[in-house]
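The UniProt record's numbering applies: residue 1 is where the sequence shown begins, and numbers increase by one.
Built from N, CA and C at the ideal position, the CB exists for glycine as well.
What follows is a short report on a single structure.
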Amino acid sequence: MTLPEVQNAISEKKICILIPTYNNEKTLRRVIDGVLDYTVNIIAVNDGSTDTTSQILTEYPQITVIALPENKGKGNALKVGFRKAKKAGYHHAITIDSDGQHYPDDIPVFVEALLKEKEDVLLIGNRNMSQDGIPKKSSFGNRFSNFWFWFETGIKLEDTQSGYRLYPLLKIPKKYFTPKFEFEIEIIVRTAWRHVPVKNVPIKVLYDPAERVSHFRPFKDFTRISILNTILVTITLLYIIPRNFVNNFKKKSFKRFIKEDVLESDGSNRTKAFSIALGVFIGFSPFWGFHTLLVISLSVLFKLNKVLAFVASNVSLPPFIPFIIAASLFLGSPFVHGDSNIMSSELNFELIKNNLLQYVIGSTILATTMSALSGIASFLFLNKLSPDNN
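Next up, the structure:
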């Protein structure tokens, strides 16, 4: 795209450039000057800087500056910037870090990618994390983040940590729960949950130790990110996957839903055997009251046959529960000290409470063993019936 085309597209698509900054006096001018080559639609959020950032920003009267009295984290600065951008009538915001690692001349990459889309999209810059000069801890952190983003959304990306992004301001959530670096994970996961496509676009990156000032605190911020991912995974399993399952049922005809989302007739014998094994494992596991929710969620997550898994999980129907309890306590008794003579006791949940560790260990052994046996038997049986369907 030519420069005039980029400038026209920025205006037509109502795009602004959002620059959160905190103590980046060495690189801030270069970033702002580079962005001004393309647009004056700039919102700079000074996140309580204590260096000369405030004085530098006074040199640019043509841009919008938000000065926060104290540093509250990048996530908070972005939230403040998003609110300002929406009030100003912008529909998209390209965020670029002020530490000099991003090249303003990659702005056309985001603009051109947006123009090719037929719907709102969230774009994340894909850095070459294998190039010389990239810290190994950054590469590991990115792979770690990519995995959990895929687990929580089903979307595979090569870079989920880059701060160089284009946000669809009218489609992102209105409220958030994290204020610092983990905010950039929360927003892309929750936006994806709203069925907004999240994609990578290729960008350049510069790591200059002499200029770059990183405010990432390895232990504290990694801990916060881990806690956030734990919460997001829990929500994914208990709400998002069942919600999507129900939504698919509503959107499709009954016949199509049964074929694609339930029967999955094109599944291999191996997939069907794994589905049965999963159902049996959940059925024998001690997750009373959550069996159906767990088996459907995990079946959708791992693309297994939901009907077979659900049917197999019903090994724990009420008439079988006393036998499952007895078998679990019996199998767990060699691993704990104390009275293990459960055959002379009344089989009820009071007995389970008094022998909880024994029951948990035994039920895990029982679930694993029966799952493996049923999976192998199912595969051999299905393979005999239909040997070509592997």
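* Asked: What does a CB cutoff of less than 7 Å around V315 pick up in its chain, not counting 5 residues either side in sequence?
  -> V280, G283, F284
* To do: Note down, one range per segment and in chain order, each beta strand (DSSP E) of at least 3 residues found wholly within the region 30 to 85.
  => 42 to 47, 64 to 68
* Asked: For the alpha helix (DSSP H) that V295 lies in, which residues bound it at each end?
  -> 291 to 301
* Neighbour-count burial assignment, H195, 16 or more Cβ in a 10 Å radius -> exposed
* When burial is assigned at 16 or more other CB atoms within 10 Å of the CB, is Y239 buried or exposed? -> exposed
* **Which residues DSSP lists as bridging L123, in chain order** => L166, K199
* To do: Look up P108 in the DSSP assignment and say whether it is helix, strand or coil.
  => helix
* Taking the DSSP output, what are the residues bridged to P322? -> DSSP output for P322 lists no bridge partner at all.
* Asked: Which residues bound the alpha helix (DSSP H) around A377?
  -> 356 to 385
* Asked: With a Cβ-Cβ cutoff of 8 Å, do L122 and T191 count as a contact?
  -> yes
* Mapping DSSP to helix, strand and coil, what is F284? -> helix
* Let me know the secondary structure DSSP gives V6 once reduced to three states. => helix
* To do: Could you pull the start and end residues of the beta strand (DSSP E) that I17 belongs to?
  => 15 to 21
* **Assigned secondary structure, M1 (DSSP; H/G/I helix, E/B strand, else coil)** => coil
* **Assumed close pair Y167, T95 - CB separation to whole angstroms, cut-off 8 Å** => 7 Å
* Reference P61; option with closest CA among G81, L36, K84 -> L36
* Return the chain-ordered list of same chain residues with a C-beta closer than 8 Å to the C-beta of T53, the five sequence neighbours on each side being excluded. => T21, Y22, N23, N24, E25, L28, N46
* To do: Give me the Cα-Cα distance between M343 and A327, rounded to the nearest whole angstrom.
  => Reliability of the predicted coordinates at M343 is poor, the pLDDT of 49 falling under 50, and no value is obtained from them.
* Would you call Q55 buried or exposed, if buried means 16 or more other Cβ atoms sit within 10 Å of its Cβ? -> exposed
* Asked: When you compare only the Cα positions, how much space is there between Y359 and H291?
  -> 17 Å
* Asked: With distances taken between CB atoms, is the gap from E184 to L228 smaller than 8 Å?
  -> no
* Sequence-distant residues of its chain with Cβ nearer than 6 Å to I365 (five each side left out) -> L331
* Those residues which DSSP pairs with I94 across a bridge -> I17, L166
* Let me know if A377 comes out buried or exposed under the rule of 16 or more other beta-carbons within 10 Å of its beta-carbon. => exposed
* Measuring alpha carbon to alpha carbon, tell me which of P173, T236, Y176, G154 ends up nearest K199. => G154
* Could you check what DSSP says for N146 in three-state terms: helix, strand or coil? => helix
* Boundaries of the alpha helix (DSSP H) in which F310 is found, first to last residue -> 306 to 313
* To do: Kindly indicate the opening and closing residues of the alpha helix (DSSP H) around A88.
  => Unbroken run through A88: none, as it is neither H nor E.
* Going by Cα to Cα distance, which pick from T223, A367, L308 is closest to F287? -> A367
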